[in-house]
Amino acid sequence: VHLLRFEEPGRLDGLVHAVTGRDLDLSLGADRRVLAGHLGFDGLWTPVQVHGREVVELDGPWDAAPRADAVIVRRPGLLAGVLGADCPLLLLVDPRRRALALVHSGWRGTVAGVVPAAVARLASACGSRPSDLLVGAGPSICADHYEVGPEVLVAVARALPGVPDLVRPTGDGRGLLDLWRAIAAQLGRAGVDPARVERLDTCTWEATDAVYSHRREGGRAGRHAIVAGWAG
Ligand SMILES: [Zn+2]
């Protein structure tokens, strides 16, 4: 998977996808329409993200967006997306079965296991083998800028035992959490080939000229996205 900026949407055998930046704010309906039109789709479908592990399939226009943090798309002509402003966003593609999943995995979703849940649903619903998957990840906050409290560290340690170098302690039970390392470990444990995982190594907190950061900008932050679909 080649993850490219909005200006240059990537195509892989009918796959249309893009990672957007600050040039669009996808919390806004007007910008969603601009992006969908630019990529050749009628609209952009995004779930109501709730930091859980629910996976839904987009197989037709939604009357109301479901509460979920992962969306599977097989049917051509539908563009789905997940939004973020620090949280890791992933695109999982099975070029063989022509199925894809978009995943939003912040710390709560990572602890809940939304990424492994998406891999499992691709396998059960679409027949995808984890080893066939191509995975792309968009910008997310790096460990240097992601200090969290003891309750987060306890939950992460419980969910991901035995993953080295997840946390650098900073005192008082707090620490710098490497969320991407946690997700990469989940992908590996789910059977995804690390050589087929590609990440845009951009920290949202540092690159607020290019993308949004909730940690840095607070409630004023807009939302960037990974969007993908199959050309109709
Ligand atoms: Zn950073």
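Sequential numbering of the sequence shown, starting at 20, is according to my numbering. Quick reminder that beta carbons are idealized off the backbone N, C-alpha and C, glycines included.
In whole angstroms, what is the alpha-carbon distance linking residue i and residue j?
i, j, result
"glycine 192", "alanine 174", "13 Å"
"threonine 189", "arginine 200", "18 Å"
"proline 135", "leucine 206", "7 Å"
"histidine 233", "alanine 104", "5 Å"
"proline 85", "glycine 128", "16 Å"
"phenylalanine 25", "glycine 146", "The pLDDT assigned to phenylalanine 25 is 45, lower than 50, so where the model puts this residue is not dependable, and the model offers no usable value."
"glutamine 68", "valine 101", "8 Å"
"arginine 239", "glutamate 225", "16 Å"
"tyrosine 231", "arginine 72", "23 Å"
"leucine 54", "alanine 162", "30 Å"
"serine 143", "glycine 125", "24 Å"
"proline 169", "leucine 196", "11 Å"
"aspartate 44", "aspartate 50", "6 Å"
"aspartate 42", "glycine 48", "14 Å"
"glycine 56", "alanine 176", "43 Å"
"alanine 99", "isoleucine 202", "21 Å"
"arginine 94", "glycine 62", "14 Å"
"alanine 83", "serine 46", "16 Å"
"threonine 221", "serine 159", "7 Å"
"alanine 131", "histidine 70", "8 Å"
"valine 20", "glycine 40", "Only weak support is given to the placement of valine 20: the predicted model assigns it a pLDDT of 45, under 50, and the value that follows is read from those uncertain coordinates. One C-alpha to the other measures close to 18 Å."
Which residues share a DSSP beta bridge with residue i?
i, result
"alanine 37", "Val246"
"arginine 193", "Gly190"
"isoleucine 91", "Glu76, Ala120"
"arginine 218", "Ala156"
"leucine 255", "The chain is shown from 20 up to 251; residue 255 falls before or after that span and cannot be answered."
"aspartate 113", "Ala118"
"valine 67", "Arg86"
"valine 182", "BP columns for valine 182 are empty, so no partner."
"valine 101", "Ile245"
"valine 167", "Gly194"
"leucine 108", "His123"
How about residue i and residue j: do their beta carbons lie closer than 7 Å?
i, j, result
"alanine 209", "proline 149", "yes"
"valine 74", "leucine 152", "no"
"valine 122", "valine 133", "yes"
"valine 38", "proline 66", "no"
"valine 186", "glycine 194", "yes"
"glycine 248", "valine 35", "yes"
"alanine 120", "alanine 137", "yes"
"leucine 97", "leucine 77", "yes"
"leucine 108", "isoleucine 245", "yes"
"glutamate 236", "glycine 155", "no"
Checklist entry - Mind listing, in chain order, the residues whose beta carbon lies closer than 7 Å to a non-hydrogen atom of ligand 1? => result Every residue whose Cβ sits closer than 7 Å to any heavy atom of ligand 1 is listed here in chain order: Ile160, Cys161, Asp163, His164, Cys222, Trp224, Glu225.
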